[in-house]
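With full-length UniProt numbering, the residue at position 24 of the sequence shown is 24, and numbering never jumps.
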Amino acid sequence: MSSKKENSFADKKMLKRAIKDSFIKLKPKTQIQNPVMFIVYVAAALTTVLFVLSVFGIKDNSSEFIFGIAILLWFTVLFANFAEAIAEGRGKAQADALRSAKKDVLANKIKSVEEKDKITKVNSTVLRKGDIVIVYAGEQIPADGEVIEGASSVDESAITGESAPVIRESGGDRSAVTGGTTVISDWIIIRITNDPGESFMDKMIAMVEGASRKKTPNEMALQILLVSLTIIFLIVTVTLYAYSDFSFKELNQTNNTSVTSLLALLVCLAPTTIGALLSAIGIAGMSRLNEANVLAMSGRAIEAAGDVDILMLDKTGTITLGNREASEFVPVDGVDIKELADAAQLSSLADETPEGRSVVILAKEQFGIRGRKMSELNAEFIPFTAKTRMSGVDFGGNEIRKGAAEAIKQYVLSKGEKYSQECDEVVKSVSNLGGTPLVVAKNGKVLGVIYLKDIVKQGVKEKFSDLRKMGIKTIMITGDNPLTAAAIAAEAGVDDFLAEATPEGKLEMIREFQRKGHLVAMTGDGTNDAPALAQADVAVAMNTGTQAAKEAGNMVDLDSSPTKLIDIVRIGKQLLMTRGSLTTFSIANDIAKYFAIIPPLFIGLYPELNILNIMRLHSSESAIFSAVIYNALIIVMLIPLALKGVKYREVPASKLLSRNMLVYGLGGIIAPFIAIKVIDLVITFIGIV
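Structure representation (structure tokens):
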């Protein structure tokens, strides 16, 4: 209940701010940035001048008519300002929340890791790139940096909104930390990676409140089209006045076509609907991305996400759950399965990885083998290393080793023993099934294989099927061997895969697709992903990743969820769909407004035009009033759609285009005919005209 009240209060506060900003945006310097609405702004100013002149007897039309048109045109400008302001309001609210989390703190500056006891207290604002600080439990991290020593749990809720702490440690791909987050256990030594004003939080604040937002190439191209249409209508309107003046003189009649009417005609024929909403659509798209906890470095990145047709996805954490589980013990050469399970469990007792724990659990569940006191066995554990690719345990003159098939094979041969042919066949069989084989050997003899199963996430096959319908090709990236990769790719339903992936392999694959004219999106978190991220059209770096990855990407996922890439594509496509749909609707509107105004305005000059007066409006004044009222109100009516976005549909682009042309094109023609006729009846009934 309280959260509803808080949301209601926030909405009211945002609404008040948007209304205030609508008036602030009336400055000519601000208005000229939107050429289409600047024409409306100038028309509103001119009609205001015409009204003032009419008060002093210099009448272009009746004072009441001119005053009404002037008020309606000013409301049209204000409604356009309001659309942009309400879209910006979300970003400003997010920026305010981030500013409240960002505060100056005292930092523990040290000269080097070796001299971590010699601390100098300094304000966080004086820290520069390259400085070294130590942060203890309960202290706020003073600035962005990389952990160079230590490990700790960090509360990043100020950035991600997620209350669960995360581990940050030196080395690897989880060394980056963000200023404004809090260390909640142990201590870490950080090397600062940004100067003041250039931090990740500063960039976030600038982006979410729109200060760094620039018009994208697509927006600029569309604006050029809208300006071109507006200029054409401006020339037509000026020509109409000169032509009607000449025609009335030829007929020895007084020209009753007023400048006010032609200004109203110009505003109604210009594509003001999309002109008013264009900026709001772009800002709202970025806001939706921010709500998904993704920071885009530019509006262009969001648009590119809507155009991508190749998605490169990491297998682990995106397609699979990430934690492989032991599912079966496969003995070889007549070894008893219980002996294999016992050896596998012994070698895994000190293995704290999810895979190691799953081996212990499987042995316990299948054979009732429980953990034992290793101190009684005087056991010495052999930790896993990337170099040896195996781990194990030595006790009572026994050696047990568990690891990759090739590593165990070399170990067995080094002991002067013969490697099992049957084991080779089992390893291939497990790989063909998409699993990961771990070979167990005792005292130089192979006992068998542990089948680790990579669990494909539920629902990903359907997601990839939807993407395929949209013409998007999915490619799985994995370090697994080709056999394992092929099996998982088939189970997950991806279109292709890159096995035994290397930084060079990823980079070359992206370049190859780009040479063929494709737009490529990918995710990454490590320094070795940076070259590929820098090359990709849409590059989503994980917030938990290295500084190099974040600098190479054009988006940062604050939740560090590899599956977010699919959501980003959806938001990008929705942005393009919304802009295209409302542009179609706006231009279609002009057709109806043409039939509403032109025939009644010139029937006195050309009675034949009565054939086109299909709306049968009451008079030329009521026709103009009705069209201008509709022109203003439709902007307000479409603001929710511009902010929320057109409903996302996973269908091919050709079908989407056909549907939008039908719904928004045909709807854009029909809606004004009905609305303008209704408005005409209402204002005639109450006697406004």
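Glycine residues also receive a C-beta, built at the ideal position from the N, C-alpha and C atoms.
Contact under 7 Å by Cβ, residue i with residue j
i: Val154; j: Thr181; result: yes
i: Ala151; j: Gly179; result: no
i: Ala276; j: Ala80; result: yes
i: Val550; j: Val556; result: Note that residue 550 is Lys in the sequence shown here, rather than Val. Taking 7 Å as the Cβ cut-off, Lys550 and Val556 qualify as a contacting pair.
i: Thr484; j: Arg324; result: no
i: Thr684; j: Ser622; result: yes
i: Asp537; j: Leu558; result: no
i: Thr320; j: Val456; result: yes
i: Ile679; j: Ala264; result: no
i: Lys469; j: Glu650; result: yes
i: Val412; j: Gly444; result: yes
i: Val449; j: Lys402; result: no
i: Ser420; j: Val446; result: yes
i: residue 690; j: Ile189; result: Here the chain comprises residues numbered 1 to 689, so residue 690 is not present and cannot be evaluated.
Residues sharing a beta bridge with residue i, DSSP
i: Pro331; result: Gly448
i: Gly524; result: Ala541
i: Gly150; result: Ile188
i: Asn194; result: Partner(s): none; Asn194 has no beta bridge.
i: Ala107; result: Val122
i: Ser391; result: Lys402
i: Ile134; result: Asn108, Ile189
i: Asp557; result: Val294, Met542
i: residue 718; result: Residue 718 is absent from the structure shown; the chain starts at 1 and stops at 689.
i: Met37; result: According to DSSP, Met37 bridges with nothing at all.
i: Arg168; result: Ser152
i: Val183; result: Val154
Span separating the alpha-carbon of residue i from that of residue j
i: Thr583; j: Val122; result: 54 Å
i: Asp11; j: Ile639; result: 15 Å
i: Val427; j: Asp525; result: 31 Å
i: residue 696; j: Ile669; result: What is shown of the chain runs 1 to 689, which leaves residue 696 out entirely.
i: Leu73; j: Asp309; result: 43 Å
i: Ala83; j: Ser619; result: 32 Å
i: Ala489; j: Ser414; result: 36 Å
i: Leu576; j: Phe464; result: 21 Å
i: Asp424; j: Lys418; result: 12 Å
i: Ala305; j: Ile361; result: 43 Å
i: Asn554; j: Gly299; result: 10 Å
i: Ile184; j: Phe329; result: 41 Å
i: Gly687; j: Ala242; result: 32 Å
i: Ile32; j: Val77; result: 12 Å
i: Ser287; j: Asp567; result: 14 Å
i: Asn660; j: Ala675; result: 21 Å
i: Ser279; j: Leu225; result: 15 Å
i: Pro672; j: Phe595; result: 10 Å
i: Lys249; j: Thr257; result: 12 Å
i: Ala18; j: Val166; result: 37 Å
i: Thr523; j: Val646; result: 26 Å
i: Glu169; j: Asp195; result: 22 Å
i: Asn398; j: Leu438; result: 19 Å
i: Gly580; j: Asp480; result: 42 Å
i: Ile119; j: Val177; result: 20 Å
i: Lys20; j: Arg90; result: 15 Å
i: Asp96; j: Asp202; result: 12 Å
i: Ser212; j: Ala221; result: Caution is warranted here: a pLDDT of 45 is assigned to Ser212, below 50, making its placement in the model unreliable, and the coordinate value is therefore given only provisionally. Roughly 20 Å separates the two Cα atoms.
i: Thr239; j: Ile302; result: 42 Å
Closer than 7 Å to chain C by CB, residue i
i: Asp454; result: In the structure shown, chain C cannot be found, because there is only a single protein chain.
Nearest candidate by alpha-carbon position, reference residue i, set the options
i: Leu295; options: Lys20, Ile205, Ile674, Val166; result: Ile205
i: Leu349; options: Leu289, Ile369, Val330, Val332; result: Ile369
i: Pro271; options: Lys387, Ile231, Ala280; result: Ile231
i: Ile39; options: Ser228, Leu251, Ala486; result: Ser228
i: Gly282; options: Pro217, Lys442, Phe75, Val663; result: Pro217
i: Met312; options: Arg570, Ala627, Leu533; result: Leu533
i: Val41; options: Phe75, Asp394, Lys13, Arg17; result: Note on residue identity: the sequence assigns Tyr, not Val, to residue 41. Among Phe75, Asp394, Lys13, Arg17, the Cα nearest to that of Tyr41 is on Phe75.
i: Ile614; options: Tyr606, Ala627, Pro600; result: Pro600
i: Met476; options: Ile510, Ser247, Arg191; result: Ile510
i: Gly667; options: Leu641, Pro482, Asn589; result: Asn589
i: Leu346; options: Leu240, Ala176, Ile132, Gly392; result: Gly392
i: Thr388; options: Ala404, Gly396, Asn432, Thr316; result: Ala404
i: Lys644; options: Ile571, Ile235, Gly145, Leu612; result: Ile571
i: Pro652; options: Gly665, Asp466, Thr578; result: Asp466
Checklist entry - Taking contact to mean at least 3 C-beta pairs separated by less than 8 Å, is the region 495-502 in contact with the region 335-347? => result Of all C-beta pairs linking the region 495-502 to the region 335-347, fewer than three are shorter than 8 Å, placing the two stretches out of contact.
Checklist entry - Are the region 102-113 and the region 23-37 touching, with three or more C-beta to C-beta distances below 8 Å? => result At 8 Å Cβ cutoff, the stretches do not touch.
Checklist entry - If you pair each beta-carbon of the region 41-51 with each one of the region 64-71, do three or more pairs fall below 8 Å? => result Segments in contact, yes.
Next on the checklist: Whether or not the region 631-638 and the region 258-274 are in contact is what I'm after, with contact meaning three or more pairs of Cβ atoms, one per stretch, closer than 8 Å; do they touch?
Outcome noted: By the C-beta criterion, the region 258-274 is judged to be in contact with the region 631-638, since at least 3 inter-stretch pairs fall below 8 Å.
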